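Numbering (the working numbering), first residue to last: 105 to 508.
Beta carbons are placed, not taken as given, at the ideal position from N, Cα and C, and that holds for glycine.
Remember, predicted model here, so these are calculated numbers, not experimental data.
Shown next, in structure tokens, is the structure this report addresses.
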Ligand code: TYD
Ligand code: ZN
């Protein structure tokens, strides 16, 4: 039996992607026998949480050289600045306030609090990104979030006025221990606000590439509400976000400490209208994933037979699922260009497709560009407008296959 990480009930499997590599394991040399894990996804009919059935050891994913730098997109910089400003205004934060972030990465969110002299504590297990946050003057604890970290913070400062997290909570398998830690760390009127890719967007846009080793949970308002309740907390507000192709910002407080916003009831009812409480909706999702697989592979094969050049744009974590599950090899896609320096001149996880610096993209003279960072399509298409005008086309696969 596969047990739900939230409530212990039996998980019902709806898709099995087979053996998948670690999404961010970009390698300096070609590796044939790299580490892989069985990636399948299950739904819990009791608490409504969608989750990976197996997950690799977290140490294999968030380590010394974690390849994801949050500050790699302009849109994300603006998003986090606005997020911080809203929290500061709504909670009237000042120099005496303390904000804690779980998984602060390179400090892209906390730096905005630091600038306003608010005590900013980041918890970040990956050393390389933690060092960058530290250089910004942020107090960084280089560990995974746990009870010991909670005690350290409360002893050194006080309980947190605000606990934040963006694209991190859905990474943590032992989710009840995180929520019980938050229960202890949060001041009596404090708020825990987190964002993660949103299940309803993933289903409606068929953005199945959001499923990879790090994303152990695909949350919804229904499942987060259950999880909060189980840990004597309460979901009090939800606000949809554009980031990562559709995310949700969840605001949580101690039980009965705050008025519950109507957005919670409205969102849960929208989720039910869309069938997120029914196993059969996930079976349909699987059918849609298999359909796009056939369509994209056919297109790449046709383009190859016509001697067209296709290159990949942005070696995202997401692309690892698509490339490996669809069986895309370097003869269909010879190269991917990316702006992240520590991905330059590496090979993609599993498929060993070369990753080259973005500076070489314009010299590559492609006929077609497969956009893996489809969630940044506005920013990227604007940036590349004049280059793409020269008789080149984008290939997009979310929400459906499009050549434009
Ligand atoms: P993101 O969508 O945040 O990816 P993930 O699936 O990993 O969460 O995109 C980040 C990656 O995309 C990162 O490797 C940098 C790359 N990228 C580019 O190469 N060019 C761009 O213009 C943008 C916005 C991202
Ligand atoms: Zn459950």
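Mapping the DSSP letters down to three states, classify residue 431 as helix, strand or coil.
In the structure shown, the three-state DSSP call for residue 431 is coil.
Who are residue 441's beta bridge partners in DSSP?
Residue 441 is bridged to 417 and 460.
Suppose the cutoff is 8 Å on Cβ atoms and the five residues either side in sequence are ignored; what does the same chain contact list for residue 189 look like?
Counting only residues of its own chain and dropping the five nearest sequence neighbours on each side, residue 189 has a CB closer than 8 Å to the CB of 216.
Residue interval of the alpha helix (DSSP H) (run including residue 334)
Per DSSP, residue 334 belongs to the alpha helix (DSSP H) from 325-334.
Where does residue 105 sit, in a helix, a strand or coil, going by DSSP?
If DSSP states are grouped into helix, strand and coil, residue 105 belongs with coil.
Using beta-carbon positions only, say whether residue 459 and residue 437 come within less than 7 Å of one another.
In this structure, residue 437 does not lie closer than 7 Å to residue 459 by Cβ.
Any heavy atom of the ligand TYD within a distance shorter than 6 Å of the CB on residue 351?
Not one heavy atom of the ligand TYD falls within 6 Å of the beta-carbon of residue 351.
Rounded distance between the beta-carbons of residue 254 and residue 294, thought under 8 Å
No, residue 294 and residue 254 are not in contact; Cβ-Cβ is about 13 Å, not under 8 Å.
Compare the Cα-Cα distances from residue 399 to each of 507, 207 and 314 and report the closest residue.
Looking at the Cα atoms, 507 is the closest of the given residues.
In this structure, does DSSP put residue 162 in helix, strand or coil?
Helix at residue 162.
Around the C-beta of residue 394, are 16 or more other C-beta atoms found within 10 angstroms, so that it is buried, or is it exposed?
Exposed: under 16 other Cβ atoms inside 10 Å.
Would DSSP call residue 207 helix, strand or coil?
The three-state reading of DSSP puts residue 207 in coil, since its state is none of H, G, I, E or B.
Anyone know if the C-beta pair for residue 226 and residue 242 falls short of 7 Å?
Yes, they are a contact pair.
On a CA-only basis, which of 207, 317, 113 and 497 is nearest residue 403? Give me that one, please.
Taking each of 207, 317, 113 and 497 in turn and checking the Cα distance to residue 403, the smallest one comes out for 497.
How big is the Cα-Cα spacing for residue 357 and residue 149?
Between residue 357 and residue 149, the C-alpha separation is close to 25 Å.
Look up residue 131 in the DSSP assignment and give the residues it is bridged to.
Per DSSP, the beta-bridge partners of residue 131 are 451.
Around the C-beta of residue 418, are 16 or more other C-beta atoms found within 10 angstroms, so that it is buried, or is it exposed?
So residue 418 counts as buried.
Any heavy atom of the ligand ZN closer than 6 Å to the Cβ of residue 151?
Yes, Cβ of residue 151 sits closer than 6 Å to a heavy atom of the ligand ZN.
Do residue 372 and residue 325 have their C-beta atoms closer together than 7 Å?
The answer is yes: Cβ separation under 7 Å.
Along the chain, where does the beta strand (DSSP E) containing residue 472 start, and where does it finish?
First-last of the beta strand (DSSP E) with residue 472: 472-475.
Go ahead and label residue 509 buried or exposed: buried means 16 or more other beta carbons lie within 10 angstroms of its beta carbon, across all protein chains shown.
This structure cannot settle anything about residue 509, because the visible part of the chain is limited to 105 through 508.
Helix, strand or coil at residue 220 according to DSSP, with G and I counted as helix
Under the three-state reduction of DSSP, residue 220 is assigned to coil, being neither helix nor strand.
To the nearest angstrom, how far is the alpha carbon of residue 389 from that of residue 307?
Residue 389 and residue 307 have their C-alpha atoms some 6 Å from each other.
Under DSSP, the beta strand (DSSP E) around residue 354 begins and ends at which residues?
DSSP places residue 354 inside the beta strand (DSSP E), whose first and last residues are 351-358.
Cβ of residue 272 within 7 Å of Cβ of residue 206?
Yes; because the gap between Cβ atoms is below 7 Å, this pair is in contact.
Mind checking whether residue 336 and residue 363 have CB atoms under 7 Å apart?
In this structure, residue 363 does not lie closer than 7 Å to residue 336 by Cβ.
Opposing strand residues paired with residue 300 [DSSP bridges]:
Answer is 352.
How is the alpha helix (DSSP H) around residue 285 delimited, first residue to last?
Its alpha helix (DSSP H) spans residues 279-289.
Classify residue 210: buried if its beta carbon has 16 or more other beta carbons within 10 angstroms, exposed otherwise.
Taking all protein chains in view, the Cβ of residue 210 is crowded by 16 or more other Cβ atoms within 10 Å, so the residue is classified as buried.
Applying the criterion that 16 or more other CB atoms from any shown protein chain within 10 Å of the CB defines a buried residue, is residue 153 buried or exposed?
Residue burial annotation: residue 153 is buried, with at least 16 other C-beta atoms found within 10 angstroms of its C-beta.
How about residue 477: is its C-beta nearer than 7 Å to some C-beta of chain B?
Protein chain content of the structure displayed is limited to a single chain, and chain B is not contained in it.
Could you tell me the distance, in whole angstroms, from the CA atom of residue 145 to the CA atom of residue 495?
Using only the alpha carbons, I get a separation of about 40 Å.
Limits of the beta strand (DSSP E) - the one that residue 404 falls within:
Counting along the chain, no beta strand (DSSP E) covers residue 404; the unbroken alpha helix (DSSP H) around it starts and ends at 383-409.
Sorry if obvious, but does the Cβ on residue 113 come closer than 6 Å to a heavy atom of the ligand ZN?
Under cutoff, so the answer is yes.
Proximal residues to residue 292 (C-beta, below 7 Å), its chain only, five neighbours per side dropped:
Apart from sequence neighbours up to five positions away, the residues of its chain that approach residue 292 with a beta-carbon distance below 7 Å are 358 and 361, ordered along the chain.
Do residue 127 and residue 316 have their C-beta atoms within less than 7 Å of each other?
Yes, the Cβ-Cβ distance between residue 127 and residue 316 is below 7 Å.
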